Amino acid sequence: LIIGLGNIGSRYAKTRHNIGFIVVDKIAENLGASWKHESKLHAELASVELAGEKLILAKPDTFMNLSGDAVQRILQFYKLTPGTDLWVVFDDLDVPFGRMRLRFGGSSGGHQGLNSTIAHIGPNFVRVRIGISLNDRTQVASEVYVLSQFDASEQPQLPKLIEAAAVHTIEQLSRQTPEETTFDLVA
929 LIIGLGNIGS
939 RYAKTRHNIG
949 FIVVDKIAEN
959 LGASWKHESK
969 LHAELASVEL
979 AGEKLILAKP
989 DTFMNLSGDA
999 VQRILQFYKL
1009 TPGTDLWVVF
1019 DDLDVPFGRM
1029 RLRFGGSSGG
1039 HQGLNSTIAH
1049 IGPNFVRVRI
1059 GISLNDRTQV
1069 ASEVYVLSQF
1079 DASEQPQLPK
1089 LIEAAAVHTI
1099 EQLSRQTPEE
1109 TTFDLVA
């Protein structure tokens, strides 16, 4: 199960905070999976067979700060438990733009979508952190910054970043135990 975190609605579609949705959309596109809304799970879901196993992709239709409810519902519906079978893809403003960090467990780092997820299911799942650029908190509050769009210097690199994040996530998924690692997605 790979869940991308983001906010629903066209207002947020291309914001930094929605990179989790954007990367999971790219994974679905690359694997030929199509989305279906499941209102009782509070999410859009897509599934595909990958290396002989069912891969479920999800995008909660709650807002970011309430993601944990949808994550918990999806896990319960598919009778999954948190652990290495759950991967959560999300934005991280403490990771430089163009970099992806993968690790199992840990804290939320102040990310409200992760806070909600941890509150509902605990901290033991794989985190795929996509760097959205370091934020100067003295100039712009983080909660404002994450809802901004990528700037003009980042826009040309976005397609490469999104594709590389999707590919690296699927490559790492094939490992029995995901490596804690950092990938440079764009040069």
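In the working numbering, each number is its position in the sequence shown, counted from 1, plus 928. No residue lacks a Cβ here, since even glycine has one placed at the ideal position from N, Cα and C. These figures come from a predicted structure and were not determined experimentally.
For R944, the secondary structure class from DSSP, reduced to helix, strand or coil, is helix.
Going by DSSP, S975 is part of the beta strand (DSSP E) stretching over 971-978.
Residue state for P988 is assigned as strand, using DSSP reduced to three classes. CA-CA distance, N1043 to A979, rounds to 32 Å.
Taken in chain order, the whole alpha helix (DSSP H) runs of length 4 or more contained in the region 1028-1076 are 1040-1049, 1070-1073.
Residue pairing of H965 in beta bridges, as defined by DSSP: E972. A buried status is given to T990, since no fewer than 16 other beta-carbon atoms sit within 10 Å of its beta-carbon.
Distance from the CA of V1016 to the CA of F1053, rounded to the nearest whole angstrom, comes to 7 Å. Annotation: S975 to Q1067 spans about 42 Å, alpha carbon to alpha carbon. Per DSSP, the continuous beta strand (DSSP E) segment holding G932 begins and ends at 930-932. Counting along the chain, F1005 sits inside the alpha helix (DSSP H) bounded by residues 995-1005. Membership of V1017 in any alpha helix (DSSP H) is not indicated; the residue belongs instead to the beta strand (DSSP E) covering 1015-1020. Distance from the Cα of V999 is smallest, within the candidate group F1018, L969, V1023, E977, for L969. Taken through DSSP and simplified to helix, strand or coil, L1101 comes out as helix.
A Cβ-Cβ separation of about 6 Å places D1019 in contact with R944 under the 8 Å criterion. In this structure, the beta-carbon distance from T1110 to R1029 falls below 8 Å. Separation of G1026 and L1113 (C-alpha to C-alpha, rounded to the nearest whole angstrom) is 5 Å.
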